[in-house]
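Written below as structure tokens is the structure these notes are about.
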Amino acid sequence: MTEFPVIQIKGHSWQLLPEKAVYWLDRHILILSDIHLGKAGHFRKSGIPAPESITQKNLVRIGSLIEQYQPETVLILGDLFHSDANREWFLFETWLDSFPGITFKLVSGNHDSLHTSFYEAARIEVSHHWEKDSFIFVHNPADVQPAGQKQVLVAGHIHPCIILRGKGRQSLRLPCFLFSDDRVLFPAFGEFTGHHAIKPKETDRVFVAVEGNVMEIINQT
Amino acid sequence: MNRNLDAKSIIENWFKAKGWTPFGWQKKTWDAFLSNRSGLLNAPTGSGKTYALFLPALMRWIESNPGDYQEKKSNGLQLLWVTPLRALAKDIELAMQRAVGELGISWEVQRRTGDVPSSIKQKQKKQMPEVLIITPESLHVLLAQKGYPSRFKSLKTVVVDEWHELTGSKRGTQTELALSRLHGMNSGLQVWGISATIGNLDEACNVLLGLPVPENAVIIKADDSKKIVVHTVLPDDVDRFPWSGHLGINLLPKILPILEKSGSTLIFTNTRAQSEIWFRQILEAKPELAGTLALHHGSLDRKIRDWVEESLHSGLLKIVVCTSSLDLGVDFTPVDRVIQIGSPKGVARFIQRAGRSGHQPGSVSTIWFVPTHALELIEAAALKDAVKYGKTENRIPHLKPYDVLIQYLVTLAVSDGFEPDKVYREIKRTFAYQTLRNDEWNWILNFIQSGGKSLSRYDEYSKVDVDEAGFWRVHDRKIASRHRMSIGTIASDTMLKIKYLKGATLGNIEEWFISQLNTGDTFWFAGRNLELVRIKDLTAYVRKSSGSAGKIPSWLGGRMSLSSNMSELLREKLQEAVSGSNESIELKTIHPILEIQKQRSVLPGTGQFLIEKTWSKEGCHCFFFPFEGRYVHEGMSALVAHRISKMVPITFSIAMNDYGFELLSDRDIPIREALKNDLFSESYLVRDIMGSLNDTELARRRFREISQIAGLVFPGFPGNQKTGRHLQMSSGLFFDVFMEYEPDNLLIQQAFDEVLQIQLDEARLRQVLQRIQKQEIILKEVARFSPFAFPIFVDRLRERMSSEKLADRIMKMQKDLEAD
Chain A
18 MTEFPVIQIK GHSWQLLPEK AVYWLDRHIL ILSDIHLGKA GHFRKSGIPA PESITQKNLV
78 RIGSLIEQYQ PETVLILGDL FHSDANREWF LFETWLDSFP GITFKLVSGN HDSLHTSFYE
138 AARIEVSHHW EKDSFIFVHN PADVQPAGQK QVLVAGHIHP CIILRGKGRQ SLRLPCFLFS
198 DDRVLFPAFG EFTGHHAIKP KETDRVFVAV EGNVMEIINQ T
Chain B
3 MNRNLDAKSI IENWFKAKGW TPFGWQKKTW DAFLSNRSGL LNAPTGSGKT YALFLPALMR
63 WIESNPGDYQ EKKSNGLQLL WVTPLRALAK DIELAMQRAV GELGISWEVQ RRTGDVPSSI
123 KQKQKKQMPE VLIITPESLH VLLAQKGYPS RFKSLKTVVV DEWHELTGSK RGTQTELALS
183 RLHGMNSGLQ VWGISATIGN LDEACNVLLG LPVPENAVII KADDSKKIVV HTVLPDDVDR
243 FPWSGHLGIN LLPKILPILE KSGSTLIFTN TRAQSEIWFR QILEAKPELA GTLALHHGSL
303 DRKIRDWVEE SLHSGLLKIV VCTSSLDLGV DFTPVDRVIQ IGSPKGVARF IQRAGRSGHQ
363 PGSVSTIWFV PTHALELIEA AALKDAVKYG KTENRIPHLK PYDVLIQYLV TLAVSDGFEP
423 DKVYREIKRT FAYQTLRNDE WNWILNFIQS GGKSLSRYDE YSKVDVDEAG FWRVHDRKIA
483 SRHRMSIGTI ASDTMLKIKY LKGATLGNIE EWFISQLNTG DTFWFAGRNL ELVRIKDLTA
543 YVRKSSGSAG KIPSWLGGRM SLSSNMSELL REKLQEAVSG SNESIELKTI HPILEIQKQR
603 SVLPGTGQFL IEKTWSKEGC HCFFFPFEGR YVHEGMSALV AHRISKMVPI TFSIAMNDYG
663 FELLSDRDIP IREALKNDLF SESYLVRDIM GSLNDTELAR RRFREISQIA GLVFPGFPGN
723 QKTGRHLQMS SGLFFDVFME YEPDNLLIQQ AFDEVLQIQL DEARLRQVLQ RIQKQEIILK
783 EVARFSPFAF PIFVDRLRER MSSEKLADRI MKMQKDLEAD
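Below is the structure:
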């Protein structure tokens, strides 16, 4: 698995995974963002026929990441569950039971509006943000200020994507990771989500997940 | 009033007292109506068609109530008048009320359209007026009300006005479905349509009346032989006339003298943005026109448009720059002349617009055609023929649009519920759904009941349920109210209201345009320079700006394509230009440009098919010139790109206009090899097109409308879009998800079918390929862009197709950048 790029950040090694997640090698933490479970169920409950198999597929994707990397902790950067509790939440709860040794952490996003008892019952540790080593994890990057240059803000919420242009008037739109000096933005893990185009600065590093690999995009300004 | 007279004489006397004489075709229509026949009246706008079908309804009333026809009140709905445009409803209402009032009949004539106050709608629920004027959408809203059958109990006749506007669209299908329900409640229902001249009048009549078509159905034609004179505004110096563009502003100096003539002028443009630009440019050139010049397009606030229409009526306004927003209109005041900027794209549209001038019987309609680029001079010559031969286009009715049927079934489930067998029998009588198969019907029922495939016991899908009596109903009130809000078949983007800080509303604009602006930026809208102050709750607040001219909004929306009739005329003219057999002033004027085409490339005659290949720093360009209109080129370019991309891994960006299309790639396009491999072969056409569609945006774009109509995408409550936000997802995402999880979903299939049948016009595409087989293919390597190629080259709106690996494409883009 070592062929995927590893980023050195504040003395730590983060491996970028093509599933649009990060494995924090030093701390054995799997980080992902904006899963939006339950979105299909939420729509269906309102009479909009979104295919319901999406939630299952997202869970299968997370499950196979856990099996592959054997993390101690799974950290979710918000928007874990899209809506009020619907039956997909219970599907998710049952699924969680198959990973008894793993800690699930959630920094809550604007969609995570379930009553705390739901998270407690599911053994998910919820907080507004979470500080660890030199990082401060939060859902919406606008919600906290990092403490000077010592800290790096790690966030989701934006669903960033980058537009690439080439000769022959070609262009591509790809979900991406964005690494700036003082912050890191995660692409949305969930498949049933939209994207927001970003314009990186020259010093930013941008990575995209492409056909089972992660590529760095150089010099796209 | 003399009670001894028979009904017909009472009406005819009133008619004559007004100084009018009924035309022969009006009398014919009255007779057919009174003998309870159904049919279609073929009559143009402003010809007296309203009275042709309204007065016989009064005659029948008088006949059956000879003693007390004036006194009897609250008689229930007698006549339902369906019109495609809200704006027309008001005029019709006034005309009918005048007749009823002067005849002393106690009938109520009312409208029921989206802009009627809800207090009146509530009253109509309790007591229907005798005559109700309604749009197809509002008719469906009525069918979504509890207890609707009682409101149609006494209905005798339905008249569908401007049927030509509806018949080729999903609104037409919607009308068919509503009629099928009204027929189901009253098998003796009389149905009439009014249509301008279209190529397939007989078919249009069948679509309206349903199957089997009643034996005594009749088509009545009003004789309309108005003379139309077409002038072309010619550039002085064609060498300096642009080869591309669609604005036509450089001919403004030649148009100003036309505007100075006495009387009124309508200036038709093809887009709203273009009308804004023309308005501004005319005003800058002739500031003294301020006050007598106005702007009219579909995004302007209804009040502004009403004012413009009334002021043109009263003579306050002299010149109105407009879009198709003024194509229709009942008693629209005739103007003295009409100016058409740029190609009207179709014969019928051009004739209709010309007909806006000189309405008096025997008078001449005058239209000035303003080409916006050099090649449109050929179109100008073609337009003169178009008017001479009057060969109007067909309006092809939609077949089996599942989305409209899904919406209709939910509509019935929202009101009184429906029994599937009964409704199935009704819709099988419509033209649109005559070929609907049992398995399709069952899929649709399953789709509205369980949301397609239901995979798990966790599913909570709820929309339509079946009650004990076997009626299919919607129980959830939220779902019901969301459905009522989204009845209709016109897909729309999220619109922002444009409002002054002080309060007056100017109109609507697509959200994506405003999202490109920052506060403080200026833009041009409703003929005014405005500064964006803030955006709140889907309203953009603005103030007047005196600063420099800002951006002009462009509205999304498909660009029109040259109709098949127009493209045929165009190819004929081109051949005449090649052979020099035509001495028309337009072709003479364009001659120098055609000479350049000859020097740089080839001027193809009808026996030749031209392909130009050339290089620029963007890469390799191949231009193809079928002269078949944008839509056919869209399909043909996808087909050609797909076939080449199967030979080598290659990425194309594709552009097209009405004359041809371009494939552009960063690497050499192996066109010679492709031609050897039978690039234009007719075999495997459908397979190859379907293959190419998977790689392009066409089907996905079609799905946008389908997903709105079928209720997947909810546009939000008016004025309160936010409450719907958590249920909003783009149709593109739905498309992707269905493609992955449920590719056999009928709505996905519909998207592909629509692309194939409607947009790309498979039948026409096949004809083009057959034609090319007989033509000599000329592959010309050219050093510079030819006049034919240039307008396509500069078009930035592009399709894409690729057979390269994504990772390879990214690597290449990065390398290109480093090389720069």
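So the protein sequences, as listed, match chains A and B. Residue numbers for the first sequence follow this note's numbering, beginning at 18 and rising by one. Residue numbers for the second sequence follow this note's numbering, beginning at 3 and rising by one. Beta carbons: idealized from backbone N, C-alpha and C, even for Gly. Given the structure is predicted, the values throughout are model-derived calculations rather than measurements.
Quiz item: Which chain A residues sit within Cβ distance under 9 angstroms of Thr-653(B)?
Solution: Gly-183, Gly-185 and Gln-187
Self-check item: Cutoff 6 angstroms; reference Val-323(B); Cβ partners in own chain excluding five residues on either side
Solution: Ile-269, Ser-277, Trp-280, Phe-281 and Leu-297
Quiz item: Leaving out the 5 sequence neighbours to the left and right, which residues in its chain are closer than 7 angstroms to Ser-563(B) when beta-carbon positions are compared?
Solution: Around Ser-563(B): Lys-347, Gly-631, Arg-632, Tyr-633 and Asp-660.
Self-check item: Minimum C-alpha distance to Leu-82(A) - residue among Phe-135(A), Phe-209(A) and Leu-47(A)
Solution: Leu-47(A)
Quiz item: Going along chain B, which residues have a C-beta under 8 angstroms from Phe-209(A)?
Solution: Simply Met-731, Leu-735 and Val-739.
Exercise. Could you spell out the range, first to last residue, of the beta strand (DSSP E) harbouring Thr-368(B)?
Key: 366 to 372
Practice problem: Below 8 angstroms on the Cβ atoms is my guess for Leu-82(B) versus Gln-112(B); work out the distance and round it to an integer in Å. | Solution: Contact doesn't hold; Cβ gap of about 11 angstroms is too wide.
Quiz item: What residues match up with Met-803(B) in a beta bridge as DSSP calls it?
Solution: Phe-654(B)
Practice problem: Check whether the Cβ atoms of Gly-126(A) and Gly-95(A) sit closer than 7 angstroms, and answer yes or no. | Solution: Taking 7 angstroms as the Cβ cut-off, Gly-126(A) and Gly-95(A) qualify as a contacting pair.
Exercise. Just list the beta strand (DSSP E) runs in the segment 637 to 710 of chain B, keeping only unbroken ones of 3 residues or longer that don't cross its boundaries, in chain order.
Key: 653 to 658 and 663 to 667
Practice problem: Within the segment 119 to 144 of chain B, note down every full alpha helix (DSSP H) run reaching 4 residues or more, in order along the chain. | Solution: 120 to 128
Quiz item: Can you list the beta strand (DSSP E) stretches of 3 or more residues lying completely in the segment 38 to 98 of chain A, in chain order?
Solution: Listed in chain order, they are 38 to 41, 46 to 49 and 90 to 93.
Quiz prompt | Closer than 8 angstroms at the beta carbon, the chain A residues around Asp-668(B) | solution = Gly-183, Lys-184, Gly-185 and Gln-187
Exercise. Kindly list, in the order they appear in chain B, the residues whose Cβ is closer than 7 angstroms to that of Ala-139(A).
Key: Those do not exist, as Ala-139(A) stays about 16 angstroms from chain B at its closest Cβ, beyond 7 angstroms.
Self-check item: Ala-356(B) versus Leu-328(B) - alpha carbon distance
Solution: C-alpha of Ala-356(B) to C-alpha of Leu-328(B): approximately 12 angstroms in a straight line.
Quiz item: Quick one: is Arg-61(A) near chain B, going by C-beta distance under 7 angstroms?
Solution: yes
Self-check item: Residues near His-128(A) in its chain [Cβ-Cβ closer than 6 angstroms; skip 5 each side]
Solution: Asp-96 and His-99
Practice problem: If I'm right that Ile-646(B) touches Pro-672(B) with Cβ under 8 angstroms, what's the distance once you round it to whole angstroms? | Solution: Correct: roughly 7 angstroms between the Cβ atoms.
Exercise. Would you verify that the beta carbon of Leu-665(B) is, or is not, closer than 7 angstroms to some beta carbon of chain A?
Key: no
Exercise. Would you give the residue range spanned by the beta strand (DSSP E) that Thr-159(B) belongs to?
Key: Note, Thr-159(B): beta strand (DSSP E), 159 to 162.
Quiz prompt | Buried versus exposed, by CB contacts within 10 Å (16 or more), Tyr-53(B) | solution = With 16 or more neighbouring CB atoms inside 10 Å of its own CB, Tyr-53(B) falls in the buried class.
Exercise. Give a yes or no on whether the C-beta atoms belonging to Ser-108(B) and Lys-75(B) are separated by under 7 angstroms.
Key: yes
Self-check item: Straight-line Cα distance separating Leu-49(A) from Gln-162(A)
Solution: 21 angstroms
Exercise. Return the chain-ordered list of same chain residues with a C-beta closer than 6 angstroms to the C-beta of Asp-238(B), the five sequence neighbours on each side being excluded.
Key: Cβ neighbours of Asp-238(B) beyond the five flanking positions: none.
Self-check item: Cβ-Cβ separation, Ile-180(A) to Gln-816(B) (assumed contact under 8 angstroms), whole Å
Solution: Contact doesn't hold; Cβ gap of about 14 angstroms is too wide.
Quiz item: Would you say Glu-228(A) reaches chain B, if we count a Cβ-Cβ gap shorter than 7 angstroms as a contact?
Solution: yes
Quiz item: Would Gly-64(A) pass as a contact of Lys-465(B) if the rule is Cβ separation under 7 angstroms?
Solution: yes
Practice problem: Return no unless some Cβ of chain B is closer than 7 angstroms to the Cβ of Ile-65(A). | Solution: yes
Quiz prompt | Cβ pair count under 8 angstroms reaching 3, the segment 241 to 255 of chain B against the segment 300 to 319 of chain B | solution = no
Quiz item: By a C-beta neighbour count over all protein chains shown, 10 Å radius and 16 as the cutoff for buried, is Gly-26(B) buried or exposed?
Solution: exposed
Self-check item: One or two residues paired with Cys-207(B) in a DSSP bridge
Solution: According to DSSP, Cys-207(B) bridges with nothing at all.
Quiz item: Using 8 angstroms as the threshold, is the segment 123 to 138 of chain B in touch with the segment 386 to 395 of chain B, meaning 3 or more CB pairs across them?
Solution: no
Exercise. Using a Cβ cut-off of 8 angstroms, pull out every chain A residue sitting near Glu-744(B), in sequence order please.
Key: Here the neighbours are Pro-68.
Quiz item: Between the C-alpha atoms of Arg-140(A) and Lys-424(B), what's the straight-line distance to the nearest angstrom?
Solution: Near 53 angstroms, if we compare the C-alpha coordinates of Lys-424(B) and Arg-140(A).
Self-check item: Per DSSP, cross-strand counterpart(s) of Asn-510(B)
Solution: Lys-499(B)
Self-check item: Neighbouring residues, chain A, relative to Phe-625(B) (Cβ below 9 angstroms)
Solution: Under the 9 angstroms cutoff, chain A gives no residues; its nearest Cβ is about 14 angstroms from Phe-625(B).
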